[in-house]
Each structure stands twice: as structure tokens, then as C-alpha cells.
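K.L.:
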Amino acid sequence: MEAIMSMENNIKLLLVDDEVKFLESIAKRLALKNFDVTVASTGEEALTSAEKGLFDVAVVDFQMPGMDGTQVLKALKEKHKFLEIIMLTGHATIDTAVECTKLGAFKFLEKPYEFENLVEVIKEAYAARLNKKFEHNQKRIEEIQKLSMVESPLGLLRALARLDNEEK
Amino acid sequence: MSSAIDFQNSEDLAFFGKISASISHELKNILAIISETAGLLHDLTELATKGKDVELEMLKTCCQDIEDEIRRGFDTVKQMNTFAHSVDDALKSTNLADVINLTINLAGYLSFASKVRFDLQQDSPPMIFTCPFRLQNLIYQTLVYAFESAGTDGEIRVSVHQEPDGSARITFSNLGSESSRVFPSDMTKKIAESIGADIRFADDYLGIDILVSQLNQKRD
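Same order as they appear, the protein sequences are chains A and B.
For the first sequence, this note's numbering assigns the number 1 to the initial residue and increments by one for each residue that follows.
For the second sequence, this note's numbering assigns the number 1001 to the initial residue and increments by one for each residue that follows.
#1: Flag D95/A as yes if its beta-carbon sits less than 8 angstroms from any beta-carbon of chain B, otherwise no.
#2: Relative to the C-alpha of T1152/B, which residue among D1065/B, G1207/B, A1107/B, K1092/B is closest?
#3: Give the secondary structure of I85/A by DSSP, where H, G and I count as helix, E and B as strand, and everything else as coil.
#4: Quickly, what does DSSP pair F1172/B with across the bridge? List them, please.
#5: Nearest to S1167/B by alpha carbon, out of I1128/B, I1023/B, L1091/B, D1089/B?
#6: If I measure Cβ to Cβ from K74/A and keep anything under 6 angstroms in the same chain, skipping five residues before and after, which residues do I get?
#7: Comparing C-alpha positions only, which one of K28/A, V37/A, I86/A sits nearest to M1058/B?
#8: In this structure, does DSSP put L13/A in helix, strand or coil?
#9: Kindly indicate which residue of D56/A, G53/A, L15/A has the alpha-carbon position closest to the one of M64/A.
#10: Between the segment 1035–1054 of chain B and the segment 38–48 of chain A, can you find at least three pairs of beta-carbon atoms closer than 8 angstroms?
#11: Excluding sequence positions up to five away, which residues of its chain have a Cβ less than 8 angstroms from the Cβ of E1148/B?
#12: So, for C148/A: in the same chain, excluding its five sequence neighbours on each side, which residues have a beta-carbon less than 8 angstroms away from its beta-carbon?
#13: Please state whether DSSP places S1177/B in a helix, a strand or coil.
#14: Can you give me the Cβ contacts of E1069/B inside the same chain, cut-off strictly under 7 angstroms, excluding the 5 residues immediately before and after it?
#15: According to DSSP, simplified to helix, strand and coil, what is A1090/B?
#16: Pull up the CB-CB distance for I85/A and L76/A, whole angstroms please, since I reckon it's below 8 angstroms.
#17: Would you give the residue range spanned by the beta strand (DSSP E) that Y37/A belongs to?
#18: Identify every residue that forms a DSSP beta bridge with D1118/B.
#19: Which runs of the beta strand (DSSP E) fall wholly inside the segment 53–133 of chain A and span at least 3 residues, in chain order?
#20: With 16 as the cutoff for other CB atoms within 10 Å, does Q1064/B come out buried or exposed?
#21: Just list the residues that DSSP pairs A161/A with in beta bridges.
#22: Taking the DSSP output, what are the residues bridged to T1130/B?
#23: When you compare the CB of D1065/B with every CB in chain A, is at least one pair closer than 8 angstroms?
#24: Assuming I1199/B is part of the alpha helix (DSSP H), what are its boundary residues?
#25: Check this for me: beta carbons of L1102/B and T1082/B, under 8 angstroms apart or not?
#26: Should V20/A and A46/A be called a contact, given that it needs their Cβ atoms to be closer than 8 angstroms?
#27: Could you check how far apart the C-beta atoms of K1092/B and P1132/B are, in whole angstroms? I think they sit under 8 angstroms.
#28: So, for K1115/B: in the same chain, excluding its five sequence neighbours on each side, which residues have a beta-carbon less than 6 angstroms away from its beta-carbon?
#29: Establish whether the CB of E1036/B and some CB of chain A are separated by less than 8 angstroms.
#30: Relative to chain B, which residues along the segment 9–35 of chain A have a C-beta separation below 7 angstroms, given in chain order?
#31: A27/A lies in the alpha helix (DSSP H); which residues open and close that run?
#32: Do D1186/B and R1200/B count as a contact pair if the criterion is CB distance below 8 angstroms?
#33: Can you check which of these residues, F1074/B, T1037/B, M1080/B, I1019/B, is closest to K1060/B by C-alpha distance?
#34: Consider the Cβ of F55/A: report whether some Cβ of chain B lies at a distance smaller than 8 angstroms.
#35: Going straight from the alpha carbon of K1080/B to that of V1087/B, what length do you get?
#36: Which residues, in order along the segment 1139–1155 of chain B, keep a beta-carbon less than 8 angstroms from a beta-carbon of chain A?
Listed below in C-alpha cells is the structure:
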């Protein structure tokens, strides 16, 4: 019988940093811990990867040439609302932390950090994502139940289509 | 102390602070890479201890990466040291090629830096009696504008040559038109004025010349 997969096996991670060597090292370390890791060295590349693959958590460097970390955070959150994003920075300031939190970042970590701490934060972010999705699905079920009491089958289908559009 | 001197001193200090912060950011990046790569080596060692196969090539890459980053760290510290000593003498005979090279490296730490190609157009580097620290600031401000105008994919060309009258001309070319910022700012103009330098745009606005005079000659 196949062993029960650990939590890490399930987590699909997107790592975004313009420091390629940093990106490669951290990706290998996380892969050794059985995370499913995809890397991107620019914001643009990160958005393309996010379109192709469904990620649970993204770890995004704050300072990058071209699209910077906040732009990537904003763009990812707009298109993938359940994706949890952890921001990394060389120098954290209260202003940048507040800005990122307002834009929906899960947490803000300052480099260099303890690797085990990053792993913990990724797991927390994943748990938060599962919770949000669960709550969202619960609401959706309740909505459908309410609609089914009052709508005709055709009306129900239309309402479901509207709900689907709202989620996009 | 006059307000003009106060202004210059605060601008000097602001520039010193900005460069120091940018160097510390670079050093932090280097340390982060070394830290992660050393951590990876540790993870691989643990795996090997547990009897799992570890690729030799992976170990070699880790060691090479650490060596490369240590070299990058030494280069950065060397630049930091040269920059810190640029305030030792308010005025001195200054090798322009050295100042330009250092400032290009310092500006290169900016996240939006373009590539820069520096050509020394003469066999011997131009020597100018000036304030090296303020000249660095002036070149730095010009490079920042050049990066903004050319974008990260652009390549700025910088050259320098000495004029027959002893002054020097630093030319920045291959600029783009992406910056909407007014250049030079009032602050940059004041820095230029304080060392007798003049900033001129090319007719097509894709190039900038900084004309640097010998300060002792001006005083004569």
C-alpha cells in the first residue's frame, strides 16, 4: 500500500527571485523536502507560470528589475485569489510590509531567514489557502441550496453560471 | 553656516546613505545565497549519511556557487571601501576612469539598472582636480536617469576624454525615451555647479555630456 503522502508532497510552490543562484539553491532545498517547486526569475515569467500551473503558494522577492514584487503580488492576487503569497525582502520596512499586507500578502520575510522558518510559513500559507477554499465552497453550497428552493431548474443554472463568473 | 552649505552637506550625506544602503542590500543578497547554498550542502550531507545517493555534480556546483559569491562579496566590499575613502580629500587630482568605473558598479546594484559599456577613449585616463565625492554623485544621478530612460534591456554607453584645455568630457549615449522625469533636477544642477561641471543634452535627447573643469584652473 502506498504510504500516506506528507503535506509537503501536496504543496505546489512558485518561487520568484531575480537572484538566480539563490533561486536554484532554495528550490533544490525545498524539492529535497518534497515540495513541488517551479521557479521564475522575473515577474513576467511568474505570471506566465501561474497561468499554466495551479499553485498553492508563491514566494516572491520584493525587489526585482522590471515588474517588482508588489506588482507581481497584485497581478497574481487579481487572477488567482486563493493563491497565498509570501514576500521576501532584503530590507524590510514598515511601509513595504503594510503595502504588501494591503495587497493581500500572507506574510513578509526578511532575508536571510531561517530555512526551517520559511518551510513553516509555507505550510501555514497552505493551510490558510485550504481554509479559504473550504469556507468559499461552504458558502457556495449554501447559496446553491438557497437558490434551489426558489429558482426554477433553468433559473438555477443561470444563477450557477453567474456564480462561476464571479469567481473568475 | 550658510543655507547653501547646509543644503550641499545634507545632499552629500543623503548620497552617502543611499549608496551605503544599496551596498548593504547587495551584501545581504550575497549572504542569502551563501546561506542557502551552505544549507543545501548540509541537507545533501544528511541524505548521504542516511545512505541515499547524492550526485557529485550537485556538490561541485554548491562549492563553486559559494566560491563565486565569496568573490562577489570581496569585490563589493572593495568597492565599498573605495567609496568610503572618496570623502577623505575634499579636492584632489582624480582619475576619471576610476571614478566612472566605481560609480557604474555602485549604480549597477539598482534593481532597474541597465547594462553599461564603458570605453576609455584615450591611452591614459583623464586626470581632473576636483571633488571626487561630488563628481561620483553627479555621475550616479546621470546614470540613474540613463537607466530610467533606457530600461533594463537597454545598454548605456559611457566614454570619457580629456579636452586640450585640461577639462574632461564624460559622454552618456544610447539613452532611451522611457523616463518622463525632468533631468537634471535642481539638486543635480547644484551639485554640478559646486564642482564647476556642466550638464548638456544631445540635440536628440539620447545622450548627455558632463563637462568637468579643473577646479584649481578655474580658481586661477
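Cβ atoms here follow ideal geometry from the backbone N, Cα and C, with glycine treated the same way.
P.N.:
A quick look at the data gives this:
#1: no
#2: A1107/B
#3: strand
#4: V1158/B, I1208/B
#5: I1128/B
#6: Around K74/A: L103.
#7: The option with the nearest alpha carbon to M1058/B is K28/A.
#8: strand
#9: The residue from D56/A, G53/A, L15/A with its alpha-carbon nearest to that of M64/A is L15/A.
#10: no
#11: F1112, E1178, S1179, R1181.
#12: First, the residue type needs correcting, since residue 148/A is Ser and not Cys in the sequence shown. These residues qualify, in order along the chain: L156.
#13: coil
#14: I1030, I1033, I1034
#15: coil
#16: 6 angstroms
#17: What sits at residue 37/A in the sequence shown is Val, not Tyr. From DSSP, the beta strand (DSSP E) with V37/A extends over 36–40.
#18: Inspection of the sequence shows that residue 1118/B is occupied by Phe rather than by Asp. According to DSSP, which records beta bridges pairwise, F1118/B is partnered with V1158/B.
#19: DSSP runs (the beta strand (DSSP E)) wholly in the segment 53–133 of chain A: 57–61, 84–89, 107–110.
#20: exposed
#21: In the DSSP output, where bridge partners are listed per residue, A161/A has none listed.
#22: K1092/B
#23: yes
#24: Segment 1197–1201 is the beta strand (DSSP E) holding I1199/B; no alpha helix (DSSP H) there.
#25: Yes; because the gap between Cβ atoms is below 8 angstroms, this pair is in contact.
#26: No, the pair does not count as a contact, with Cβ atoms beyond the cut-off.
#27: 6 angstroms
#28: E1155
#29: At a cut-off of 8 angstroms between C-beta atoms, E1036/B counts as an interface residue with respect to chain A.
#30: E19, K21, F22, S25, I26, K28, R29, L32
#31: 20–32
#32: no
#33: T1037/B
#34: no
#35: Note that residue 1080/B is Met in the sequence shown, not Lys. Roughly 12 angstroms separates the two Cα atoms.
#36: T1152
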